[in-house]
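Residue numbers (my numbering): 31 to 293.
No residue lacks a Cβ here, since even glycine has one placed at the ideal position from N, Cα and C.
In this text, all values refer to a predicted model and were calculated from it rather than measured experimentally.
Shown next, in structure tokens, is the structure this report addresses.
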């Protein structure tokens with residue numbers, strides 16, 4: 031006389047020597063009426079390899095569900111693995127989403143469809159996550175590279191503004207339509223390139239016009255002021271083009287134009 035079969039789902043706890051506690055969910059068709067008498071510890075590929083390498087003592091198992099049929103057991107396994115992945119993340123070592131290696135000929139089409147839909151949804155979410163991670167990585171790299179491609183121009187701007195520190199230089203650069211990013215590393219490179227010529231001028235908050243040492247164009251303050259007045263007091267981008275066309279230094283003229291307006 032054949033023994034009665036019992037359909038159960040289980041949770042295995044794996045005490046990995048280096049990765050800590052890992053979890054594995056599965057199903058088992060057992061002939062033991064009392065689940066506590068069943069010596070079964072799981073037959074997943076990860077568990078089998080782990081026990082072969084480290085022994086059975088580091089694997090413990092507990093039964094989490096008793097089911098009336100193969101179909102119910104398969105559904106329960108899929109749900110169990112989904113919950114383990116959601117709760118434990120990469121600590122769940124199930125390779126598959128469950129069910130596909132245990133389907134009997136009597137399994138209904140509805141159960142098969144649920145298994146297929148579950149796998150498709152998981153793979154879809156995984157693909158979307160990888161695409162989003164790649165997009166963010168590419169976006170960050172692009173923003174970081176944008177200002178390095180204009181190193182020479184930014185270096186000239188840094189010199190003309192009195193070799194400011196990174197925080198203030200970021201504001202200056204962004205006002206000049208350069209990327210609004212962290213300039214700490216770039217300013218460090220500027221300082222190395224400047225060598226013995228690196229002589230930062232303290233920023234005078236009370237007198238923003240005191241810049242004769244900060245940029246060569248400030249040495250021509252009076253004639254540049256006359257040029258600005260004669261050309262109907264243009265805004266700083268236009269004034270920069272006029273000044274450089276007349277042979278004055280190609281520099282950052284915004285602060286100078288702001289000072290012209292106060293005179």
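Around residue 39, the same chain offers 55, 56, 57, 58, 93, 94, 95, 97, 103, 106, 107 and 110 as residues with beta carbons nearer than 8 angstroms, after the five sequence neighbours per side are excluded. For residue 185 against residue 220, the beta-carbon gap comes to about 6 angstroms, under 8 angstroms, which counts as contact.
The C-beta of residue 202 has 16 or more other C-beta atoms within 10 Å across all chains shown, which makes the residue buried. Secondary structure of residue 125 (DSSP, three-state): coil.
Considering only 100, 122 and 248, the residue with the shortest C-alpha distance to residue 74 is 122. Inter-residue distance for residue 80 and residue 72 is about 11 angstroms (C-alpha atoms, whole angstroms). According to DSSP, residue pairing for residue 54 in a beta bridge involves 42.
By the Cβ criterion, the region 260-275 is in contact with the region 286-293, since at least three pairs of Cβ atoms, one from each stretch, lie closer than 8 angstroms. If you draw a straight line from the Cα of residue 230 to the Cα of residue 224, it is about 11 angstroms long. Closest by C-alpha distance to residue 70, out of 87, 91 and 63, is 91.
For the region 84-112, the full-length beta strand (DSSP E) segments reaching 3 residues or more read 89-97 along the chain.
A distance below 7 angstroms between beta-carbons, with the five flanking residues on each side excluded, links residue 68 to the following residues of its chain, in chain order: 60 and 62. Going by C-alpha positions, residue 256 is about 36 angstroms away from residue 216. For residue 281, no alpha helix (DSSP H) encloses it, and the DSSP letter there is neither H nor E.
Residue 283 counts as buried, since no fewer than 16 other beta carbons sit within 10 angstroms of its beta carbon. Boundaries of the alpha helix (DSSP H) harbouring residue 223: 214-224, taken from the DSSP string.
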